[in-house]
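Number of protein chains: 4
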Amino acid sequence: MASLRTMFACERLAPLLSDDAMLAAMLRFEAALARAQADCGLVPRDAAGAIDAVCDELATDPLRLAAAFDPPALAREARRAGTLALPFVTRLTAAVAARSPEAARHVHVGATSQDVIESAAMLLAREGARALGDMLTELGNAVAALADAHRDTPITGRTLLQAAAPVSFGWKAAGWLDQLARARALLARTVTEQAVLQFGGAAGTLAALGDAAPQVVRALSDSLGLPAPATSWHAGRDRIARIGAELAMVCGAAARIGRDISLLMQTEIAEAFEPVAEGRGGSSAMPHKRNPVGAMLALEAGYRAPQLAAILTAQLATEHERGLGNWQNGFFVLADLFDVAGSAVESMLEVVAGLRIDAGRMSANLERTGGFVYAEAVTLALAGQLGRPAAATLVERICREALTDSRPLREALAADSEVGALLSGAALDALFTPQQYLTGATAMLEAVLADWRAQGPID
Amino acid sequence: MASLRTMFACERLAPLLSDDAMLAAMLRFEAALARAQADCGLVPRDAAGAIDAVCDELATDPLRLAAAFDPPALAREARRAGTLALPFVTRLTAAVAARSPEAARHVHVGATSQDVIESAAMLLAREGARALGDMLTELGNAVAALADAHRDTPITGRTLLQAAAPVSFGWKAAGWLDQLARARALLARTVTEQAVLQFGGAAGTLAALGDAAPQVVRALSDSLGLPAPATSWHAGRDRIARIGAELAMVCGAAARIGRDISLLMQTEIAEAFEPVAEGRGGSSAMPHKRNPVGAMLALEAGYRAPQLAAILTAQLATEHERGLGNWQNGFFVLADLFDVAGSAVESMLEVVAGLRIDAGRMSANLERTGGFVYAEAVTLALAGQLGRPAAATLVERICREALTDSRPLREALAADSEVGALLSGAALDALFTPQQYLTGATAMLEAVLADWRAQGPID
Amino acid sequence: MASLRTMFACERLAPLLSDDAMLAAMLRFEAALARAQADCGLVPRDAAGAIDAVCDELATDPLRLAAAFDPPALAREARRAGTLALPFVTRLTAAVAARSPEAARHVHVGATSQDVIESAAMLLAREGARALGDMLTELGNAVAALADAHRDTPITGRTLLQAAAPVSFGWKAAGWLDQLARARALLARTVTEQAVLQFGGAAGTLAALGDAAPQVVRALSDSLGLPAPATSWHAGRDRIARIGAELAMVCGAAARIGRDISLLMQTEIAEAFEPVAEGRGGSSAMPHKRNPVGAMLALEAGYRAPQLAAILTAQLATEHERGLGNWQNGFFVLADLFDVAGSAVESMLEVVAGLRIDAGRMSANLERTGGFVYAEAVTLALAGQLGRPAAATLVERICREALTDSRPLREALAADSEVGALLSGAALDALFTPQQYLTGATAMLEAVLADWRAQGPID
Amino acid sequence: MASLRTMFACERLAPLLSDDAMLAAMLRFEAALARAQADCGLVPRDAAGAIDAVCDELATDPLRLAAAFDPPALAREARRAGTLALPFVTRLTAAVAARSPEAARHVHVGATSQDVIESAAMLLAREGARALGDMLTELGNAVAALADAHRDTPITGRTLLQAAAPVSFGWKAAGWLDQLARARALLARTVTEQAVLQFGGAAGTLAALGDAAPQVVRALSDSLGLPAPATSWHAGRDRIARIGAELAMVCGAAARIGRDISLLMQTEIAEAFEPVAEGRGGSSAMPHKRNPVGAMLALEAGYRAPQLAAILTAQLATEHERGLGNWQNGFFVLADLFDVAGSAVESMLEVVAGLRIDAGRMSANLERTGGFVYAEAVTLALAGQLGRPAAATLVERICREALTDSRPLREALAADSEVGALLSGAALDALFTPQQYLTGATAMLEAVLADWRAQGPID
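Chains as they are written, first to last, in our numbering: chain A, 27 to 485; chain B, 27 to 485; chain C, 27 to 485; chain D, 27 to 485.
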């Protein structure tokens with residue numbers, strides 16, 4: 027279901043994660059390898075030039091790429107060979123030979139299958155992380171705008187799905203932003219640190235290159251823009267697993283926003299709504315439905331990504347210098363993780379940018395809680411005189427009675443003589459306003475916004 | 027990487043899991059729905075006939091299917107709509123309208139998106155399970171043949187990766203078969219029981235059909251060959267999760283075989299080998315390598331499938347009558363699980379059918395253990411006279427000394443006066459033959475083979 | 027945090043999953059083994075009698091058990107030995123020797139560590155499944171009573187967290203029951219089929235028992251009440267993984283109920299409530315809070331169990347005759363799964379048995395949807411004359427306008443001339459009642475209840 | 027199985043992860059809260075002093091702690107309450123009241139359950155990470171010593187479980203070290219960054235503290251040594267999930283070493299061995315067995331940890347200001363992850379520190395490969411003259427023939443006229459020595475060692 031499943035994929039990242047993108051990245055590796063070896067005198071300049079030219083032509087012309095590699099056929103051969111690299115190198119060698127038989131003798135020399143596949147995957151990871159980072163910046167900015175605009179919009183704070191105490195919608199959005207900021211910064215840092223050159227040759231020691239090894243590594247690393255690690259890491263699967271884990275964190279950050287919005291959008295709550303547009307969120311059986319479609323996509327990602335990430339984390343106990351079955355799926359599982367993260371962020375970006383807020387309903391819902399959301403404030407006001415335990419016991423009793431009698435808390439408190447002796451009516455009134463609750467929220471919101479602005483661009 | 031990833035996909039199952047297969051199954055549902063409603067007088071016969079005819083033409087002609095549904099475009103629209111069904115129904119309605127505007131009024135009436143998507147997924151699951159069941163039968167038969175042929179081929183039994191005691195290779199294969207037999211039977215039973223009709227309309231109660239609901243359900247169920255459950259199960263995600271769990275078990279059964287073969291194929295052990303063929307298992311850096319490629323594919327599946335299955339199992343706590351984000355990915359995650367299971371079984375089928383056994387090497391490796399694999403036999407022989415604790419202590423001491431001196435156990439035992447007093451040289455010799463170890467193994471092997479033969483065809 | 031974590035554990039199952047329970051089960055195995063070997067003439071009757079007596083005394087007297095085995099010390103020794111069985115057998119042998127030095131010579135003969143550990147685990151699984159089955163029966167009965175009592179209680183059916191169409195609360199509960207019934211039946215069947223005797227000796231072939239093997243197996247199997255499988259299954263990890271998977275399904279079935287109740291209990295919806303009791307569901311900061319504590323416990327289980335189950339499923343590709351690290355944790359991971367499933371079912375049992383339903387609020391919330399939940403009914407009524415596509419388009423337009431104008435759908439429809447021409451006011455009124463929606467729901471509810479009653483006791 | 031399961035737990039970390047440790051950390055939070063509020067004038071100095079004194083006495087005296095909190099009873103009450111904090115605060119308040127009724131009125135004021143539980147968990151995480159970091163330093167140093175000592179010890183490099191090319195054992199160990207170094211540094215950094223103060227009060231906004239909130243936060247943060255984040259993070263589950271993910275990486279790094287050692291220790295390979303000690307790695311059925319017990323423990327951790335980590339990662343899509351069921355298990359799941367990581371590192375530390383290397387056997391096994399491990403070197407030597415494709419084809423043919431004839435590659439090459447024309451016998455001899463293969467390996471090894479030494483102490 028190659029096409030149908032793309033309903034859960036990211037349109038913006040798709041071109042970076044395609045068959046063509048992977049083949050182009052593999053071609054970049056082979057071209058850079060030839061050039062690096064030419065720099066070290068291991069391959070004739072002319073041969074490297076020819077390899078480079080052929081790789082470049084194939085990588086930049088989709089039709090020639092398709093003709094040379096025929097991805098479905100390549101995959102069939104790769105299945106038999108146990109690796110994409112073997113049939114890839116065979117076909118590339120043929121393409122180079124068509125231009126220069128001499129140059130064809132120097133294709134892929136000194137490298138092993140895993141080198142080209144994983145260096146290519148790391149190139150894609152860097153490009154994917156850059157594009158996803160941009161999307162996260164856009165999403166973060168949209169959320170920051172919400173936070174900024176709604177710093178004084180009261181909304182019911184809800185814990186364990188129960189009305190708890192008033193907060194501001196801006197502060198709620200700041201909570202989303204705080205997590206998004208971590209997701210953006212740590213994905214970028216993780217990819218910067220972990221997406222490095224894979225190059226070790228047959229058993230990982232670059233034995234084939236002899237003394238020239240360090241020089242070739244340096245040239246190859248520079249050319250690809252992939253840092254050179256201290257050692258090849260064919261058996262060090264933590265690098266890719268860490269990138270996968272951070273992609274799951276991105277999905278989680280987006281899914282959390284989707285969860286909140288879908289809950290706020292419940293018919294009975296109706297405090298916020300996904301944007302309406304042609305073809306968005308309808309139902310085949312219920313014409314009136316406005317489904318939280320964007321939230322659905324983000325939540326889907328939130329369910330799927332942790333398990334995809336666990337594929338990679340559960341493959342760390344590999345065997346010797348190159349494992350059996352525990353790295354080979356890495357390149358496409360990582361692509362799936364970028365895809366699902368992109369899907370989540372893309373969908374939330376559209377939702378947050380177009381989110382409709384019903385501030386009146388937020389206030390009304392807060393009112394309709396019967397004032398119980400102010401119980402903590404009352405408890406604290408009484409605690410000053412009674413101590414916290416006695417105050418809590420007292421307020422809890424009055425709450426219970428008010429709930430039983432379906433009577434607003436404000437009224438029940440006023441009717442209680444013990445409370446009356448400690449708090450005047452005016453003092454009670456002052457406690458029953460959401461604004462008095464928002465000082466701490468606003469300070470936190472400011473701190474989160476300041477951190478976001480300070481984080482600056484992610485490169 | 028729609029094409030490249032198919033190196034880890036099953037060629038035999040691919041046509042059953044394609045975009046076209048999904049669309050065709052959705053068309054089968056819509057056609058059957060129209061016919062079922064016609065049977066109950068809810069839709070005019072002619073209209074149902076027209077819908078049926080159009081669905082059938084589209085489902086059986088890939089070019090018309092592509093023209094009508096354009097899967098990539100459909101997926102884009104589905105992403106906005108939050109469901110494949112909405113744009114699918116729109117396009118189907120248009121195709122029906124082109125033949126009969128009147129009939130177009132009766133497309134998809136009374137059904138909801140999830141009905142068509144999940145009934146289609148269950149149709150695919152049934153076909154997938156049948157095809158995978160056939161492959162498991164073939165694999166089981168190949169393993170049974172191995173077990174049968176090698177009932178008297180001694181091999182080192184290995185526990186915790188250490189030589190333990192002699193077993194037969196046939197018995198080892200019988201262990202694989204025992205697990206495969208469970209995987210085959212339980213996948214079949216699970217799909218038979220759980221892949222049932224999904225049909226509930228808007229909120230799951232078939233309210234739109236009024237009193238005719240049971241009759242339509244029956245007709246639809248009969249027509250599709252999907253059993254009618256007691257109730258719609260939009261929010262009952264365990265059905266699909268159970269199918270997923272059994273597909274992970276299939277992968278595990280294949281991966282276990284792959285693990286054993288890859289270990290036996292280690293250069294230093296060299297007791298069994300995957301078949302050699304052009305393009306199979308080479309290395310781009312090491313021309314002599316014969317990699318266990320089939321084992322790699324099965325092991326890859328063994329790493330990936332449990333996490334894919336966990337996606338489904340972790341989505342059970344859905345919301346109300348239809349969840350948000352926790353069923354929508356089901357159809358393609360299930361397809362992925364069939365795919366990965368097919369990949370594992372297909373690869374093991376080729377490996378087991380062509381497995382090369384080096385019985386001489388098996389014996390030689392057994393010999394080369396220095397006789398320590400017979401330590402249990404010696405202990406038991408002595409236990410009769412000394413009791414197990416004293417016998418174990420004695421043999422353990424002699425083993426330790428023999429290991430320190432790099433001396434065969436047979437020799438060390440003979441040199442020990444305490445042992446000499448209890449066991450004659452001839453008695454010792456009798457203990458140091460693998461054959462005396464195989465009685466129990468052979469009985470188990472026969473029982474497993476008998477069970478396999480008795481299991482009969484899976485339908 | 028051995029004690030604190032038990033806040034997420036099941037009190038009823040706890041005694042079945044304790045250190046003592048495990049040791050007692052291991053003792054049952056060793057006693058039965060001695061007796062079985064005595065039956066076959068491999069061990070003197072007197073010795074078997076002594077072993078049996080010592081095992082029985084230890085297993086039934088917690089103080090003596092603690093004195094003989096000292097679980098913390100045993101665990102430390104087991105950590106060094108790599109197996110619980112070695113220090114266990116050493117200590118048991120000493121205890122037997124204290125009574126009969128002769129009998130001590132016959133302890134554990136012919137068995138391997140994994141035999142005693144896994145047969146004991148399977149004994150616990152059978153007892154655990156029986157107790158959990160009883161709890162599931164109670165929970166199912168409580169849910170069935172709800173379904174029965176509320177077959178005519180209308181409630182908003184909600185899909186994707188949006189009001190969709192009226193259903194009955196009884197039908198909603200029937201959906202929970204349908205899934206619980208599967209969970210109960212399939213857990214019982216899986217344990218019956220998969221919790222079998224593990225007995226193979228050193229390398230799994232019972233070589234030590236020679237020709238007596240089948241007879242000993244039979245006697246041991248009878249004595250323990252664990253069926254004898256065709257072959258030992260030290261490397262067949264699917265058995266335990268399947269039990270684990272079904273325990274995750276139990277958690278999911280309970281968590282789904284918890285999810286629904288927690289959503290219904292939201293302050294703004296307030297249609298159902300967990301029972302109130304001293305010490306239940308309070309908040310340390312908010313005295314009025316009545317938290318859905320039971321739902322929380324079930325949902326916690328729903329998050330945790332799938333991953334615990336995945337530990338077992340991801341260990342199938344074991345090595346040779348006994349794996350390294352991929353079965354050793356099985357006994358306590360399985361115990362954790364019983365524990366978490368028990369926690370989920372126990373908490374839901376208390377919640378469902380004491381659930382407070384506010385039928386008035388259910389109706390009121392249904393009313394407050396502005397009649398949009400009847401949109402499907404209107405569409406279908408119009409579809410008879412306009413065809414579904416035109417009817418859907420028409421109703422969708424009117425819905426959109428009504429939503430924009432915050433006007434009830436009933437009113438907007440009455441004001442529309444196109445609708446007026448097709449449906450009289452009386453016809454419209456008839457469509458706007460929940461009762462007309464419940465025919466199908468009630469039929470499904472009856473079918474589910476009938477299935478539940480027919481399922482009968484699980485043994 | 028609270029005790030028995032500790033065979034898979036870490037003895038060194040155990041005291042940091044106990045019931046007592048958790049309660050003590052919760053007491054530290056409450057004491058610091060009272061002091062911080064006293065600093066801000068919200069609580070009388072005397073009262074704060076009394077709370078502080080009681081907390082300190084309880085936290086430092088296990089007997090008084092047990093008497094005051096009775097962990098099993100506390101857990102039972104916590105199960106009803108839905109949180110550990112409620113019964114904890116009740117008991118603490120009683121203990122304080124026994125000393126000063128006035129002070130008791132000021133216990134836990136302004137904080138919510140999650141504040142005390144998660145700040146305590148973060149305190150444990152910091153202490154756990156410090157202790158685990160020390161263990162990782164010890165393990166890294168032991169591995170570094172191996173790498174240093176064996177830089178010139180040739181061993182067969184193995185890829186896909188096949189002999190590939192010679193490497194040095196030192197370089198192999200450097201690969202382990204490279205991954206361990208990342209695990210150590212990134213665990214430390216993640217805990218430093220993510221284990222921060224949790225403090226938000228009822229709905230997370232510290233409303234109860236009014237304008238004093240920032241000052242209290244600062245004082246509390248300083249007192250506990252937990253950094254103050256920009257905002258409370260009750261719903262920001264990524265922090266704890268990231269710590270969990272890094273603990274899984276630690277397990278993976280240890281499990282990889284365990285995997286390699288267990289493979290090297292196979293009877294037929296016998297190149298390295300776990301240390302022998304009384305009670306280590308025996309078998310109840312096979313007295314001669316020396317099981318790789320340490321490797322088993324590390325591998326067990328490698329199987330278990332990724333799924334435990336996934337529990338946390340799959341809980342990110344929480345609800346509103348505090349979720350239901352998706353954070354409550356965090357404190358003990360995190361403790362389990364420290365425990366399993368400690369188990370893995372502790373076991374590998376003992377193994378690596380006492381590892382017995384058989385360098386002779388390493389060389390002998392390399393010899394016994396028939397020289398095929400030098401095939402890459404030969405190919406490269408010929409590639410200079412023939413080009414890589416032709417050289418590869420030629421060597422591949424000769425390899426195949428040699429394998430078929432069971433003839434050493436050196437001999438087969440010498441007999442080939444085409445090769446003979448290009449390479450002299452002396453040139454061939456030079457290619458067939460492991461030393462010529464190790465230049466690149468040694469350079470990588472040096473770089474890894476230098477990085478390790480430069481990493482310096484982790485605080």
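Glycine included, C-beta positions come from ideal geometry on N, C-alpha and C.
Nearest-angstrom Cα separation, counted from residue j out to residue i
| i | j | result |
| --- | --- | --- |
| V193 (chain D) | T138 (chain A) | 15 Å |
| A168 (chain B) | A120 (chain A) | 39 Å |
| M148 (chain B) | G284 (chain C) | 27 Å |
| H346 (chain D) | G236 (chain A) | 60 Å |
| E164 (chain A) | I337 (chain B) | 29 Å |
| T430 (chain C) | F458 (chain C) | 21 Å |
| V122 (chain C) | A130 (chain C) | 5 Å |
Chain B within 7 Å of residue i, Cβ atoms only
| i | result |
| --- | --- |
| T185 (chain C) | yes |
| K198 (chain D) | no |
Interface partners of residue i on chain A, CB under 8 Å
| i | result |
| --- | --- |
| A385 (chain C) | Simply none; closest approach about 16 Å. |
| T257 (chain B) | Correct list: empty, because the minimum Cβ distance to chain A is about 17 Å. |
Neighbour list for residue i in chain D, Cβ cutoff strictly below 7 Å
| i | result |
| --- | --- |
| S145 (chain C) | Within 7 Å Cβ-Cβ: nothing; S145 (chain C) doesn't reach chain D, min ~14 Å. |
Interface flag, residue i vs chain D, CB-CB below 7 Å
| i | result |
| --- | --- |
| Q188 (chain B) | yes |
Contacts of residue i in chain B (Cβ-Cβ under 8 Å)
| i | result |
| --- | --- |
| E103 (chain A) | G305 |
| M322 (chain A) | G108, L350, G351, Q354 |
Chain A residues whose Cβ lies nearer than 9 Å to that of residue i
| i | result |
| --- | --- |
| R318 (chain C) | Correcting the residue identity first, residue 318 (chain C) is Pro in this sequence and not Arg. Under the 9 Å cutoff, chain A gives L186, L187, Q188. |
Below-7 Å beta-carbon distance, residue i vs any chain C residue
| i | result |
| --- | --- |
| A340 (chain A) | yes |
**Request:** For the region 205 to 217 of chain D, enumerate the residues whose C-beta is nearer than 8 Å to any C-beta of chain A, in chain order.
**Result:** Within the region 205 to 217 of chain D, the residues whose Cβ lies closer than 8 Å to some Cβ of chain A are Q205, R208, A209, L212, listed in chain order.
**Item:** Near-chain C residues of the region 136 to 169 of chain B (beta-carbon distance less than 9 Å), N- to C-terminal order
**Value:** G136, T138, Q140
**Item:** Length at least 4, wholly inside the region 208 to 251 of chain A: the alpha helix (DSSP H) runs in chain order
**Value:** 239 to 250
**Asked** If contact means a Cβ-Cβ distance below 8 Å, which residues of the region 283 to 303 of chain C contact chain A?
**Response** S288, L289, M291, Q292, T293, E294, I295
**Item:** Members of the region 81 to 105 of chain C that neighbour chain D once the beta carbon cut-off is set at 8 Å
**Value:** P97, P98, L100, A101, R102, E103, A104, R105
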